[in-house]
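Asks: In my numbering, the protein residues as written are 117 to 377.
We put the beta carbon where it would ideally sit given N, CA and C, even for glycine.
Bear in mind that the values here come from a model prediction, so they are computed numbers and not experimental data.
My structure is below; once you've seen it, I'll send some questions.
So this is what it looks like as structure tokens:
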């Protein structure tokens with residue numbers, strides 16, 4: 117519930133990926149589908165969708181969303197709980213469009229895990245299929261904050277319970293693995309906004325993926341880059357702008373097989 121409430125205004129990526137999906141016919145694979153923020157709109161658009169996520173709680177939320185919409189629409193969406201490194205889908209060439217929204221691929225820190233995902237998606241796509249995903253690069257000023265110190269304290273009321281909480285975030289960077297470890301802390305507050313009870317901490321790790329790494333991993337996986345953007349409104353992403361743009365959006369497709377002649 118809190119996840120959907122916190123990101124309720126994040127709609128540009130959903131609109132963008134729906135637009136890309138509309139250019140394809142056939143089934144859609146939604147990797148890291150979470151609470152269904154993209155899978156459900158895709159099903160409403162008429163697509164057959166397979167959504168995959170490892171979080172049982174997220175999938176339960178997605179199922180509750182599907183239960184509230186028309187049955188013919190809900191029946192177009194299949195939710196599966198699985199690890200992205202071992203997708204439980206055996207049919208080759210099954211999907212015309214695959215998407216990993218909201219920085220999903222950055223949860224895979226090691227090259228071998230990313231290669232396993234990319235190669236599996238490559239096999240699941242039709243020869244003319246598309247794979248779209250986005251990567252987030254934090255602001256250098258944000259990254260340079262003292263590690264493990266809490267910042268961005270925000271007081272808010274829980275949307276369902278009405279209880280008051282203080283939100284804060286801290287992080288540290290494992291430079292050797294290029295892994296950004298973040299901790300989001302939710303502290304219950306009582307009278308006069310004083311802390312009461314035990315805080316809840318949500319941990320998140322993002323692999324930092326510079327463009328050269330992305331290009332190399334895609335090439336090793338049998339993909340070619342069709343287009344890149346600096347956001348979800350078609351912003352161009354030049355080489356000069358790469359280091360200054362936080363949001364990188366990729367559209368890739370299977371690379372043509374080389375002729376043996």
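Under the three-state reduction of DSSP, which class applies to residue 303: helix, strand or coil?
Replies: strand
Asks: Does residue 270 come out as helix, strand or coil in the three-state DSSP assignment?
Replies: Of the three classes helix, strand and coil, the one that applies to residue 270 here is strand, per DSSP.
Asks: Of all the options 327, 325, 271, which has the alpha carbon lying nearest to the alpha carbon of residue 310?
Replies: 271
Asks: Express the C-alpha separation of residue 131 and residue 274 in angstroms, rounding to a whole number.
Replies: Computed Cα separation, rounded: 27 Å.
Asks: According to DSSP, what are the bridge partners of residue 223?
Replies: For residue 223, which the question treats as bridged, DSSP gives no partner whatsoever.
Asks: With distances taken between CB atoms, is the gap from residue 154 to residue 200 smaller than 7 Å?
Replies: no
Asks: Who are residue 321's beta bridge partners in DSSP?
Replies: 297
Asks: Report yes if the C-beta distance between residue 211 and residue 241 is below 7 Å; otherwise report no.
Replies: The answer is yes: Cβ separation under 7 Å.
Asks: Can you determine whether any heavy atom of the ligand COA sits closer than 6 Å to the C-beta of residue 321, and answer yes or no?
Replies: As presented, the structure is devoid of all ligands, the ligand COA included, so that no description of it is given.
Asks: Could you have a look at residue 238 and say whether DSSP puts it in helix, strand or coil?
Replies: helix
Asks: Is the beta carbon of residue 150 less than 7 Å from the beta carbon of residue 169?
Replies: yes
Asks: Could you check whether the region 242-255 touches the region 211-229, counting it as contact only if at least three pairs of C-beta atoms, one from each stretch, sit closer than 8 Å?
Replies: Between the region 242-255 and the region 211-229, the count of Cβ pairs shorter than 8 Å is three or higher; the stretches touch.
Asks: The beta strand (DSSP E) with residue 286 in it runs from where to where?
Replies: 280-290
Asks: DSSP three-state call for residue 133: helix, strand or coil?
Replies: helix
Asks: For residue 143, report the span of its beta strand (DSSP E) as first-last.
Replies: 143-147
Asks: Less than 7 Å between the beta carbons of residue 164 and residue 203, yes or no?
Replies: no
Asks: Run through DSSP, which three-state label would residue 368 get?
Replies: strand
Asks: For residue 297 and residue 190, what's the separation of their Cα atoms in angstroms?
Replies: 36 Å
Asks: Pull up the distance between the alpha-carbon of residue 120 and that of residue 332, whole angstroms please.
Replies: 34 Å
Asks: What does the Cβ neighbour count give for residue 355, buried or exposed, with the cut at 16 atoms within 10 Å?
Replies: exposed
Asks: Reducing DSSP to helix, strand and coil, say where residue 197 ends up.
Replies: For residue 197, the secondary structure class from DSSP, reduced to helix, strand or coil, is strand.
Asks: If I measure Cβ to Cβ from residue 145 and keep anything under 6 Å in the same chain, skipping five residues before and after, which residues do I get?
Replies: 166, 211, 214
Asks: For residue 229, which residues of its own chain have a beta-carbon under 6 Å away from its beta-carbon, when the five flanking residues on both sides are left out?
Replies: 201
Asks: Would you list the residues sitting across from residue 215 in a DSSP beta bridge?
Replies: 146, 248
Asks: Figure out for me which residue from 177, 185, 209, 187 has the closest Cα to the Cα of residue 197.
Replies: The residue with the shortest Cα to Cα distance from residue 197 is 177.
Asks: Do residue 286 and residue 269 have their beta-carbon atoms positioned less than 7 Å apart in this structure?
Replies: no
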